[in-house]
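If you read the sequences in order, they're chains A and B. Once you know that position 150 of the first sequence is 150 in my numbering, the rest is easy, because the numbers rise by one and skip nothing. Once you know that position 102 of the second sequence is 102 in my numbering, the rest is easy, because the numbers rise by one and skip nothing. Glycine is no exception: its CB is placed at the ideal position from the N, C-alpha and C atoms. The structure appears below as structure tokens.
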Amino acid sequence: MLDLKKLIICPRCGALHKKRRLDFGEVALCSVCEEKLMQSCKGVEYKVLAFSFAGIIFFLIANLFSIVSIDIGGLDASMRLYEAIYRLFEEGYVLIAFFSFLVLELYPALLMVALMMYGFAMILGKKEGARSILRVVASLEEWSMVDIFFVSILVAMVKVYEYASIEFGIAFWSMAIFVAIEIYLVRFIGTQTLWEAWQRRFDEAG
Amino acid sequence: MRLVRCPLCGATNYEHSRCYRCSSWVDLDKKGSLSKAIAFLIAALIFYIPANIYPILKTAQFADTKGSTIIEGVIELWHSGDYPVALIILFASVMIPILKFLILIYLIIAIAKGSCKGVEQKVRLYHLIEVTGPWSLIDVFVVVILVALIHFHSVAIVPGPGATSFALMVLLTLLASKSLDPRLIGEDCGK
Numbered sequence: 001m002l003d004l005k006k007l008i009i010c011p012r013c014g015a016l017h018k019k020r021r022l023d024f025g026e027v028a029l030c031s032v033c034e035e036k037l038m039q040s041c042k043g044v045e046y047k048v049l050a051f052s053f054a055g056i057i058f059f060l061i062a063n064l065f066s067i068v069s070i071d072i073g074g075l076d077a078s079m080r081l082y083e084a085i086y087r088l089f090e091e092g093y094v095l096i097a098f099f100s101f102l103v104l105e106l107y108p109a110l111l112m113v114a115l116m117m118y119g120f121a122m123i124l125g126k127k128e129g130a131r132s133i134l135r136v137v138a139s140l141e142e143w144s145m146v147d148i149f150f151v152s153i154l155v156a157m158v159k160v161y162e163y164a165s166i167e168f169g170i171a172f173w174s175m176a177i178f179v180a181i182e183i184y185l186v187r188f189i190g191t192q193t194l195w196e197a198w199q200r201r202f203d204e205a206g
Numbered sequence: 001m002r003l004v005r006c007p008l009c010g011a012t013n014y015e016h017s018r019c020y021r022c023s024s025w026v027d028l029d030k031k032g033s034l035s036k037a038i039a040f041l042i043a044a045l046i047f048y049i050p051a052n053i054y055p056i057l058k059t060a061q062f063a064d065t066k067g068s069t070i071i072e073g074v075i076e077l078w079h080s081g082d083y084p085v086a087l088i089i090l091f092a093s094v095m096i097p098i099l100k101f102l103i104l105i106y107l108i109i110a111i112a113k114g115s116c117k118g119v120e121q122k123v124r125l126y127h128l129i130e131v132t133g134p135w136s137l138i139d140v141f142v143v144v145i146l147v148a149l150i151h152f153h154s155v156a157i158v159p160g161p162g163a164t165s166f167a168l169m170v171l172l173t174l175l176a177s178k179s180l181d182p183r184l185i186g187e188d189c190g191k
């Protein structure tokens, strides 16, 4: 029998590789197609804990304050995230409102909380807890769409800037930081690395 | 015994087992994956039609209401001189959905036939639609934002019936590409 824990299959071309312990900042590439296989997971739980905590704070600010206010010849209006979603609900577009609520409010919030809990579980040595949280993270990460919403704000503003004066609120900038944090956690670190860190923490004796 | 990569956590496992790391089933389910993907794809194609012929936005100015479809929105942006944004929307709302349909149909046929040609390109195509797919939602969120911001007595923007169809179409194509297992591409080829 092979030691499965020491093997890794390239996600792109399927080539089988033997794992090697990576130094801080090192990245392992596939020898056939040069796809990223794994990266060093040293101290990743502390990074995840710090960044997800910051993410939660910026997410709260992005929700509680006005994202953008406009002024069209004396008529002014401002928008908060939940107000925008509720307004669509009032218009009778329940499906889009519900979908937006999931991908802009619930999933991103749960994702950040789950990542923070992963950090705590790893530091406190809760093996099963960290495992079930990681399963949640893996199924949530693709369904957070705050980044797309952020670009949509810019596109919407391009559509109105000719006849309105626009002022971006504090929530807009917080959302930008939240998106940066989320991209760092989900794309740069990634659940793959979190699983490797989990395995190294709990499974390997040496 | 063959080795497979766990679809959830990426650990290496023997086939016909539960993943030792995250305990999800690691087996490839060709039939289930294909039929789910085909079902979502057909549903998405059906919603594609109303999504494009009905307006996604309506501008109500005094007694006068004017709707605009996705294509009209792009043309409007182009005429007002915002070429980069017009191109982004053209790409996100028009090109990506069409590209996604074509690539998904191509991949489904290739997997069903068990084709072994250009496996690497096919995997790359799959990742292309995985990454670009959700960005079609830009137009839906633009509707959310404009509807929330512009609702005065004299002028108001309200959503149009096309918006729901468009959102559903994007959601269904996302589900279609997620239910298609990329490990099936080039399965049994030179292994």
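Give the DSSP-derived three-state secondary structure of residue i in the structure shown.
{"i": "A:G206", "result": "In this prediction, A:G206 scores a pLDDT of 38, lower than 50, which makes its location untrustworthy; no coordinate-derived value is stated."}
{"i": "B:E72", "result": "helix"}
{"i": "A:L16", "result": "strand"}
{"i": "B:P84", "result": "helix"}
{"i": "B:D188", "result": "coil"}
{"i": "A:I72", "result": "strand"}
{"i": "A:E91", "result": "coil"}
{"i": "B:A156", "result": "strand"}
{"i": "B:G114", "result": "coil"}
{"i": "B:H127", "result": "helix"}
{"i": "A:M116", "result": "helix"}
{"i": "B:L57", "result": "strand"}
{"i": "A:I8", "result": "strand"}
{"i": "A:L194", "result": "helix"}
{"i": "A:S78", "result": "strand"}
{"i": "B:G133", "result": "helix"}
{"i": "A:E162", "result": "coil"}
{"i": "B:G32", "result": "helix"}
{"i": "A:K126", "result": "coil"}
{"i": "A:L111", "result": "helix"}
Mind pulling the chain A residues with CB within less than 7 Å of residue i?
{"i": "B:G10", "result": "P11, Q192 and W195"}
{"i": "B:W135", "result": "I148"}
{"i": "B:D82", "result": "V158"}
Find the residues of chain A that neighbour residue i, judging by a C-beta separation of less than 8 Å, and give them in chain order.
{"i": "B:N13", "result": "L4"}
{"i": "B:T164", "result": "Y93, L95 and I96"}
{"i": "B:V123", "result": "R12 and C13"}
{"i": "B:L28", "result": "Simply none; closest approach about 12 Å."}
{"i": "B:L171", "result": "F99"}
{"i": "B:M167", "result": "The sequence as given places Ala at residue 167 of chain B; Met does not occur at that position. Per Cβ cutoff of 8 Å: L95, I96 and F99."}
Find the residues of chain B that neighbour residue i, judging by a C-beta separation of less than 7 Å, and give them in chain order.
{"i": "A:R87", "result": "V147 and A148"}
{"i": "A:V151", "result": "I138"}
{"i": "A:M145", "result": "P134 and L137"}
Measure the beta-carbon distance from residue i to residue j and round it to whole angstroms, keeping in mind my assumption that it falls under 8 Å.
{"i": "A:S174", "j": "A:A62", "result": "4 Å"}
{"i": "A:I72", "j": "A:A164", "result": "5 Å"}
{"i": "B:F40", "j": "B:A176", "result": "4 Å"}
Listing by chain order, which chain B residues have their CB less than 9 Å from the CB of residue i?
{"i": "A:R135", "result": "L8, C9, C22, S23 and S24"}
{"i": "A:R131", "result": "R21, C22 and S23"}
{"i": "A:A171", "result": "In chain order: nothing, as chain B lies at least about 13 Å away."}
{"i": "A:M79", "result": "I145, A148 and L149"}
List, in order along the chain, the chain A residues whose C-beta lies closer than 9 Å to that of residue i?
{"i": "B:D181", "result": "Here the premise fails: no neighbours, minimum Cβ distance about 12 Å."}
{"i": "B:R5", "result": "I8, I9, C10, P11 and G14"}
{"i": "B:E120", "result": "R12, C13 and C33"}
{"i": "B:F101", "result": "Those within 9 Å of B:F101 in chain A number zero; the least Cβ separation is about 20 Å."}
{"i": "B:P159", "result": "L88, E91, G92, Y93 and I96"}
{"i": "B:V142", "result": "S152, I153, V155, A156 and K159"}
I'd like to confirm something about residue i: is its beta-carbon nearer than 6 Å to some heavy atom of the ligand PLP, or not?
{"i": "B:C9", "result": "This structure does not include the ligand PLP; it has no bound ligands of any sort."}
Following the continuous beta strand (DSSP E) through residue i, name the residue where it begins and the one where it ends.
{"i": "B:R5", "result": "L3 to R5"}
{"i": "B:Y14", "result": "T12 to Y14"}
{"i": "A:M145", "result": "No beta strand (DSSP E) contains A:M145, which DSSP labels as neither H nor E."}
{"i": "A:M38", "result": "K36 to Q39"}
Along the alpha helix (DSSP H) that carries residue i, what are the first and last residues, could you check?
{"i": "A:F24", "result": "That residue, A:F24, is in no alpha helix (DSSP H); it is neither H nor E in DSSP."}
{"i": "A:F59", "result": "V44 to L64"}
{"i": "A:F172", "result": "I170 to I183"}
{"i": "B:L178", "result": "First, the amino acid is wrong: residue 178 of chain B is Lys here, not Leu. Looking at the DSSP string, the run of the alpha helix (DSSP H) that includes B:K178 is P161 to S179."}
{"i": "B:L146", "result": "I138 to L149"}
Determine, for residue i, whether the minimum Cβ-Cβ distance to residues of chain C falls below 7 Å.
{"i": "B:V74", "result": "No chain C is part of this structure, whose protein chains are labelled A and B."}
| field | Three CB pairs or more closer than 8 Å across the region 128 to 136 of chain A and the region 150 to 167 of chain A | value | no
| said: Quick check: the region 85 to 97 of chain B against the region 179 to 188 of chain B, are at least 3 beta-carbon pairs closer than 8 Å? | reply: no
| task | Evaluate the contact criterion for the region 187 to 201 of chain A versus the region 1 to 17 of chain B: three or more CB pairs, one atom per stretch, below 8 Å. | result | yes
| query | Pairing CB atoms from the region 168 to 186 of chain A with CB atoms from the region 104 to 120 of chain B, are three or more of them under 8 Å? | reply | no
| task | Examine the Cβ distances between the region 14 to 26 of chain B and the region 98 to 107 of chain B and report whether three or more of them are shorter than 8 Å. | result | no
| task | Mind the definition here: the region 46 to 57 of chain A touches the region 101 to 116 of chain A only if three or more C-beta pairs lie below 8 Å; say whether that holds. | result | yes
| query | Are the region 123 to 138 of chain B and the region 156 to 163 of chain B in contact at 8 Å, needing three or more beta carbon pairs? | reply | no
| query | Can we say the region 79 to 86 of chain A touches the region 100 to 109 of chain A, given the rule of at least three CB pairs closer than 8 Å? | reply | yes
| said: With three or more C-beta pairs closer than 8 Å as the rule, is the region 143 to 157 of chain B touching the region 35 to 42 of chain B? | reply: no
| Stretch pair the region 133 to 152 of chain A + the region 52 to 63 of chain B: three plus CB contacts closer than 8 Å | no
| Quick one: any contact between the region 149 to 157 of chain B and the region 40 to 51 of chain B, if contact means 3 or more CB pairs under 8 Å? | no
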